[in-house]
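Notes follow the structure.
Residue numbers (the working numbering), protein chains in the order written: chain L, 176 to 748; chain B, 176 to 748.
Printed below as a string of structure tokens:
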């Protein structure tokens, strides 16, 4: 095992250049807010337009930025120390938490004392923080008390991307020209996002702020249909294929291209240690599927899972700082037979683990029967639910069937319970759905889950293109985002075929940024069209560099630019 | 110039292996029809399912096949001889055409006698065929006479892809399980396509069969909203970047991946010769934009274009066998000022050429004023109109504006005139349109152009992703196909940046096959889900090779398959 830690320490000192180099002519800026808030954004500078009458400058464009301190050349990154804990003072100031002396999970304690994994371990592990007895530290709880937290203030500034401040300069430059009215299917698009609007959406359960009190490093963000559509990137090593250092690099890489959250789906023996490295260095919320780790603890034998072991895993991960948990509590015993006649049965890994457990014991899913106890854990750390769709369709044929919708209705019932506890909740969705059934799926979710944010994988709109499932699913993702889905889980070109490498991650993320942005435009999110207009203007004026730099992937655009095309020059149209 | 012809003759003997090798476990089959018709399709063989009770064979799947004789190892290809003229006897049997002694266009005659270009010339040039005086040889004309042509018989068989014949075997294998009802927005999806239905759709102008009497090599296909959604791939050399041989190879490459038609957008001095090579070797309809060549003839000076020169170009190309012409007859003088306030003005090349001409002469577009004369040429060779959208939006900002819709209404007026002449007509569409405006665009076209087939470029649903515009536009293409668009013009990753190479062409085509197929599923085209179900079944049973082979790109799927994933084996679910 000696190779691994060496690898970590080596990479820790120097993330590869490609994940840190700033985009051309972009700079990190910080917008100030109340109480010393500094909200990071990216400003893209543009060259002037040459007209017959001289030079007309083009104002810079400010864009939403997920990349954290990594894209800021002024910040010294030391992966071994972790990111600066931005939210630590906010959390402490609320006075409703206490610092524990050490991990309270059994596994966390065993692992902290384990010599064998010591070389893998992140060195600066903080003692976990937990709500004081009886306290509820969820953002939903604060919101319902009428409190606007610094997280909410931060998010309001972030979502606006300085639109109001820059409106005049944008208007003068034509960046707001013909912003088309959206069709938002009943969403509430605001002209400007206020902290009070953020709060009210969290109160109503229509948006969540995944922000574990043990992940103070994160830059707060929001997931809800009345905000910008977000995307998630999955990373995670498998026993054979990658080291911890590679996973940290992949996390940073994901945020560089626009991942709003990252799910760590690692398997294998060192999940606990990998997760710690990722969390301490992640500026975005981290999600996990705790049943994966629970299964590792029983050597892959689903029938040996117990509530106690699962519960311990939740606490272990909550105390590390995981921001949302995928929990497949809707896979009920009675739904399992409904999957027997499917073309592709149960394809969700979590779904099949729980189905196996239910059938082996002929008992109701223990995540369902212990759901209120899970809520107690969630609210003590502010972990958000991502209620898993263990029965999601794995093929076009199985879309929107009774098993899928049966589970969805149960997720709605569980949403009601979670909200009773003021626990933030989003709902996971499919999967594989043909175009004409996507809206039915979205509407069913909005109705039965009371507009709790929907978080879907794709959906893939056809099954016939292995090797291109980022595209089959990007089509579905754009549509469901438009219809009201709040977060889109990316799919890479390697889906169904193999494990994604860095190029696949980039391709998957850019595809999903496209889908999310197409949805923002379609819903009429205020100012969404600014970047399109600025880029189109640059394109029309043959300002090539500006066109590249305003794009989602300036590096690829530059690389594709071909010498056979016209060079920089003014078009006097 | 010696290098070029050598290049041609070398490549003519041996197209590169990669464009001809059959897909794994696929074979070319021919379905017989009346009068000795042999309609080519591709049959994909599958391995058996291993169950606890033994082996269950999986019947092969038959798919629509655009690749012509190139994917048939039994056919000897000689690019210098051209493909066998499949339709020659059908055309001759109609007795309404005559073989001319030579080209009747001035340019065609000059070129035929030109020593300098002799080495570039395709050697077996047939004398052109033309309608006898007063005759109309369009498929629309025959249809309106109540005649079902062999082309229509061929198409009916082709569209069905043996669904009825194989229904029982498909049903037994589960390939027809849960075929979802479509939402087709007023299209008329048939359970089975009959020759009479083909005829009636052509009568009504709701579908076209692009099939010039001088392109007897083509395998007939149909473009209309009540048939499979088709895709077009653009090829074309520019003076500096490729030879004739490369263009022929690119045409074959396009049909291999699924291009239903190919547009030759070549520029430079040898357009005429390049086109002849492409046509003689193309199994799919070829479209062109004649104004490009006309402009070459006046050294790029738009204001020097004349009706006479353009007319000669139409005849030149019609006698070579071009199946459809993009004609920008809707760019009216009065619409041009409406583009002045756009973010991206006029981005269509044809549109700007004609706008320049109109403004220079302050006269109405000569394509509009001579439209009926153009119809006379079209019906003498059965060239179909593809009425160009010279004022299409080049940015999200400019979508669905008065210039675009003004032109669209004029295209509707011209459709009525073309139909009066029994000339087949489709309508080109944009461009750049955000998701929420695509349906309006489609509905506007259906209404004002009386359901004449719509043929759109994309549309791109956002402008912010140069380098990924196959994806920004694939999203729009899937949606507009679902709403009723009949053919989707592909966009490659190099759009806006450079000229596509072979990899880009493949990526663009596969993206558009995905969009077209997603649309077929959404509209509920009969049997469209067979391939999805067969692939999903293979996936669920870990029949990896079958999964790859049923996909749109078996080669890439195989290549992406990763050794870290489970190997072939039975899953007993």
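We put the beta carbon where it would ideally sit given N, CA and C, even for glycine.
Please read these numbers as outputs of a predicted model, since none were measured by experiment.
In three-state DSSP terms, what is residue i?
i: residue 207(B); result: strand
i: residue 800(B); result: Outside the modelled stretch of chain B, which goes from 176 to 748, sits residue 800(B), for which no answer is possible.
i: residue 235(L); result: coil
i: residue 724(B); result: helix
i: residue 530(L); result: helix
i: residue 405(B); result: strand
i: residue 796(B); result: The shown model of chain B, from 176 to 748, leaves out residue 796(B), and the question about it has no answer.
i: residue 202(B); result: strand
i: residue 473(B); result: coil
i: residue 711(L); result: helix
i: residue 567(B); result: coil
In angstroms, rounded to a whole number, what distance separates the CA positions of residue i and residue j?
i: residue 330(B); j: residue 669(L); result: 36 Å
i: residue 402(B); j: residue 663(B); result: 13 Å
i: residue 368(B); j: residue 327(B); result: 10 Å
i: residue 344(B); j: residue 686(B); result: 30 Å
i: residue 189(L); j: residue 532(L); result: 44 Å
i: residue 381(B); j: residue 689(B); result: 23 Å
i: residue 545(B); j: residue 482(B); result: 8 Å
i: residue 498(B); j: residue 385(B); result: 5 Å
i: residue 250(L); j: residue 244(L); result: 6 Å
i: residue 523(L); j: residue 569(L); result: 8 Å
i: residue 336(B); j: residue 267(B); result: 28 Å
i: residue 476(B); j: residue 681(B); result: 34 Å
i: residue 572(B); j: residue 647(B); result: 15 Å
i: residue 187(B); j: residue 420(B); result: Interpretation of residue 187(B) is limited by its pLDDT of 49, a score under 50 that renders its predicted location unreliable; the figure taken from the coordinates is listed afterwards. For residue 187(B) and residue 420(B), the distance between alpha carbons rounds to 7 Å.
i: residue 400(B); j: residue 362(B); result: 7 Å
i: residue 636(L); j: residue 500(B); result: 33 Å
i: residue 734(B); j: residue 433(L); result: 27 Å
i: residue 252(L); j: residue 305(L); result: 28 Å
i: residue 473(L); j: residue 463(L); result: 18 Å
i: residue 319(B); j: residue 269(B); result: 15 Å
i: residue 259(B); j: residue 242(B); result: 14 Å
i: residue 365(L); j: residue 358(L); result: 13 Å
i: residue 237(L); j: residue 281(B); result: 58 Å
i: residue 394(L); j: residue 387(L); result: 11 Å
Considering only their Cβ atoms, is the gap separating residue j from residue i smaller than 7 Å?
i: residue 412(B); j: residue 422(B); result: yes
i: residue 566(L); j: residue 582(L); result: yes
i: residue 315(L); j: residue 373(L); result: no
i: residue 684(B); j: residue 665(B); result: yes
i: residue 495(B); j: residue 451(B); result: yes
i: residue 709(B); j: residue 725(B); result: yes
i: residue 222(B); j: residue 597(B); result: no
i: residue 693(L); j: residue 650(B); result: yes
i: residue 563(B); j: residue 525(B); result: yes
i: residue 613(B); j: residue 655(B); result: yes
i: residue 235(B); j: residue 218(B); result: yes
i: residue 410(L); j: residue 470(L); result: no
i: residue 727(L); j: residue 640(B); result: yes
Would the beta-carbon of residue i be found less than 6 Å away from any heavy atom of the ligand GTP?
i: residue 356(B); result: Here there are no bound small molecules, and the ligand GTP is not part of this structure.
Query raised in the report: What residues in the region 662 to 673 of chain B bring their beta carbon closer than 8 Å to a beta carbon of chain L?
Result: Taking 8 Å as the cut-off between beta carbons, the residues of the region 662 to 673 of chain B near chain L are 668, 669, 671, 672, 673, in sequence order.
Query raised in the report: For the region 292 to 313 of chain L, which residues have a beta carbon sitting closer than 7 Å to at least one beta carbon of chain B?
Result: So nothing in the stretch comes that close.
Requested in this report: Would you list, in sequence order, the uninterrupted beta strand (DSSP E) runs of no fewer than 3 residues that lie entirely inside the region 409 to 443 of chain L?
Outcome: Runs found: 436 to 439.
Report task. Taking a Cβ distance cut-off of 9 Å, strictly less, list which residues of the region 568 to 580 of chain B are near chain L, in chain order. Result -> Taking 9 Å as the Cβ-Cβ cut-off against chain L, the residues of the region 568 to 580 of chain B that qualify are 569, 570, 571, 572, 573, 574, 575, 576.
Query raised in the report: Enumerated in chain order, which unbroken segments of the alpha helix (DSSP H) with a length of 4 residues or greater are wholly contained in the region 218 to 298 of chain B?
Result: Entirely contained in the region 218 to 298 of chain B, the alpha helix (DSSP H) runs reaching 4 residues are, in chain order, 263 to 269, 281 to 287.
Query raised in the report: Which of the residues in the region 631 to 648 of chain L, read from start to end, lie with their CB under 7 Å from any CB of chain B?
Result: Look at the region 631 to 648 of chain L: the residues with a C-beta under 7 Å from a C-beta of chain B are 636, 637, 638, 639, 640, 641, 642, 643, 646, 647.
Query raised in the report: Can you list, in chain order, the stretches of the beta strand (DSSP E) that have 3 or more residues and sit fully within the region 486 to 526 of chain L?
Result: Those beta strand (DSSP E) runs which fall completely within the region 486 to 526 of chain L and span 3+ residues are 499 to 502.
**Report entry** 3 or more residues per run - each beta strand (DSSP E) lying fully within the region 331 to 414 of chain L
**Finding:** Runs found: 405 to 410.
Requested in this report: Kindly provide the ranges of any alpha helix (DSSP H) runs that are 4 or more residues long and lie completely inside the region 673 to 702 of chain B, ordered along the chain.
Outcome: With a minimum length of 4 residues, the continuous alpha helix (DSSP H) runs that stay inside the region 673 to 702 of chain B are 677 to 698.
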